[in-house]
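Take a look at the structure below.
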Amino acid sequence: MDWSVKFVDFPKAFRRMEGDLMDTIREVLANGDLIMRQQMIDFEQHLASFVGTGDAVGVSNCTDGLRLILEAAGIGPGDEVITVAHTFVATMAAIHHAGASVVLVDVGDDHNMRVDHIENAVTSRTKAIMPVHLNGRLCRMDQLMEVANSHGLLVIEDSAQALGASFLGISGGAWGLAGGFSFYPAKMLGAYGDAGAVVTSDRGLAQRLRGLRDHGRVSKTELSGWGYNCRLDNLQAAVLDLKLKCVHGWIRRRRQLAAMYDEALSGVKDLRLPPAPTDAGPHFDVFQNYVVEAEGRDALIKHLTANGIETLAPWSTPMHHQPLGLSKFRLPNTERLAASALSLPLTTELEDEQVRFVADTIRRFYS
Ligand SMILES: Cc1ncc(COP(=O)(O)O)c(C=O)c1O
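For the sequence shown, numbering that gives the first Met the number 0 assigns the number 0 to the initial residue and increments by one for each residue that follows.
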């Protein structure tokens with residue numbers, strides 16, 4: 000289909016950086032810097048200082064990263080980890096594949112974990128909480144850390160969608176023991192394939208993670224135990240290191256576009272908008288996604304599609320209704336969002352007039 004507003008315009012994003020990207024890629028290929036070379040080490044250092052943690056460890060993708068954190072933290076069979084169902088299946092898959100049990104709590108109106116529901120989900124087997132900072136907005140991490148600390152639980156943050164976002168000035172990934180980031184192509188900092196990283200300020204954990212992602216190797220000849228091949232590709236690392244320099248600017252543009260949507264859509268009574276970007280409150284949101292709750296969501300999608308606007312309905316079959324053995328959980332807000340959440344196009348490639356066109360088309364639908 001020929002979209003007039005694409006959800007993500009990869010070719011346009013490429014064209015904007017083509018010269019620098021091709022120079023970077025050419026240099027990597029010409030030098031044969033293919034596996035765990037200086038470009039990956041540089042990227043890890045730059046990412047750690049961007050997030051404000053002691054270490055960053057490049058991995059194959061965020062899902063592997065979260066699983067490795069759990070394993071490195073000693074969480075496995077017999078343990079429970081509390082998380083949410085209103086997320087990509089990867090969050091729950093990481094816990095499942097680490098051998099632990101997934102325990103689900105509901106989300107609130109901000110689409111993030113209901114911190115006041117955590118306490119009820121804690122049992123003698125609970126070892127960790129895995130909050131998901133959805134759409135580029137952090138959970139209420141002050142309250143979440145308080146609950147975690149009062150029960151002696153580890154906090155492992157799924158920050159896949161939250162690079163650059165913070166709460167009370169502390170970045171996603173820097174609140175708990177460790178956090179995972181995704182550089183899946185559609186993410187704000189996107190690779191040209193799969194890529195991810197984990198961050199932590201726990202030196203010992205970082206060391207174990209470096210071993211686990213590379214066959215258990217701690218040097219060319221020494222092993223620390225069994226490991227995996229979950230390395231960050233060096234070519235992707237070089238590209239990510241180049242792009243990381245642009246992220247602050249991209250966040251500014253995303254917040255500007257979100258403010259435009261907010262203004263253009265305010266007062267539409269069948270829509271619930273996300274909180275507008277502000278510098279005043281504790282949240283600094285980066286709008287990885289601009290997600291509204293829409294009355295008659297599926298009909299609205301048809302109307303937008305007919306007008307050439309590509310959108311996404313995130314997880315319209317909730318994860319606890321998928322064949323994952325999680326059907327015992329009762330999650331009414333998760334179900335409401337499955338039926339009403341709609342992600343509108345928001346990337347740095349979007350033009351102002353495209354935002355106005357999307358907003359006008361939505362207004363026409365409801366009028
Ligand atoms: C919230 C969340 N968690 C985890 C992941 C998994 O990331 P990756 O695709 O890098 O494994 C994603 C990716 O879309 C995500 O959005």
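Backbone N, C-alpha and C fix where the C-beta goes; we use that ideal spot for every residue, glycine too.
Check: What is the DSSP secondary structure of residue 161, counted as helix, strand or coil?; Outcome: coil
Check: Give the straight-line distance between the Cα atoms of residue 46 and residue 363, rounded to the nearest whole angstrom.; Outcome: 43 Å
Check: Pair every Cβ in the stretch 215 to 233 with every Cβ in the stretch 259 to 273, then say whether three or more of these pairs are closer than 8 Å.; Outcome: no
Check: Give the straight-line distance between the Cα atoms of residue 9 and residue 355, rounded to the nearest whole angstrom.; Outcome: 21 Å
Check: Using 9 Å as the threshold, is the C-beta distance between residue 333 and residue 83 below it?; Outcome: yes
Check: Only counting the same chain, and skipping five residues up and downstream in sequence, which positions put a Cβ closer than 8 Å to that of residue 211?; Outcome: 67, 70, 71, 226, 227, 229
Check: If distances are taken between C-alpha atoms only, which option among 258, 293, 263 comes closest to residue 277?; Outcome: 258
Check: Buried or exposed, going by whether 16 or more other CB atoms sit within 10 Å of the CB of residue 156?; Outcome: buried
Check: Give the single residue among 200, 167, 108, 275 whose Cα lies nearest to the Cα of residue 175.; Outcome: 200
Check: For residue 145 and residue 152, what's the separation of their Cα atoms in angstroms?; Outcome: 10 Å
Check: Count the other CB atoms within 10 Å of the CB of residue 181; is the residue buried (16 or more) or exposed (fewer)?; Outcome: buried
Check: Quick one: does the C-beta of residue 60 sit closer than 8 Å to a heavy atom of ligand 1?; Outcome: yes
Check: Grab me the residues of residue 100's own chain with a C-beta within less than 6 Å of its C-beta, minus the 5 sequence neighbours each way, in chain order.; Outcome: 79
Check: For the 8 Å Cβ check, are there 3 or more pairs between the stretch 28 to 44 and the stretch 338 to 346?; Outcome: no
Check: Does the stretch 178 to 197 come within contact of the stretch 50 to 68, defined as at least 3 CB pairs closer than 8 Å?; Outcome: yes
Check: Let me check you understand the geometry: is the CB of residue 102 closer than 8 Å to at least one non-hydrogen atom of ligand 1?; Outcome: no
Check: When we look at the beta-carbon of residue 161 and count the other beta-carbons within 10 Å, is it buried (16 or more) or exposed?; Outcome: buried
Check: Could you compute how far the alpha carbon of residue 134 sits from the alpha carbon of residue 262?; Outcome: 19 Å
Check: Between the C-alpha atoms of residue 91 and residue 28, what's the straight-line distance to the nearest angstrom?; Outcome: 36 Å
Check: Closer than 8 Å: is that where the CB of residue 333 sits relative to any heavy atom of ligand 1?; Outcome: no
Check: Could you check the C-alpha separation between residue 321 and residue 336 for me, to the nearest Å?; Outcome: 15 Å
Check: So what does DSSP say about residue 333, is it helix, strand or coil?; Outcome: helix
Check: Among the candidates 24, 76, 213, whose CA atom is the shortest distance from the CA of residue 63?; Outcome: 213
Check: Contact check, residue 125 vs residue 81 under 8 Å by CB: the rounded distance?; Outcome: 6 Å
Check: Less than 9 Å between the beta carbons of residue 25 and residue 348, yes or no?; Outcome: no
Check: With a Cβ-Cβ cutoff of 9 Å, do residue 317 and residue 85 count as a contact?; Outcome: yes
Check: Which residue comes first and which comes last in the alpha helix (DSSP H) that contains residue 341?; Outcome: Element bounds for residue 341: not the alpha helix (DSSP H) but the beta strand (DSSP E), 340 to 343.
Check: Determine whether the beta carbon atoms of residue 308 and residue 48 lie at a separation below 9 Å.; Outcome: no
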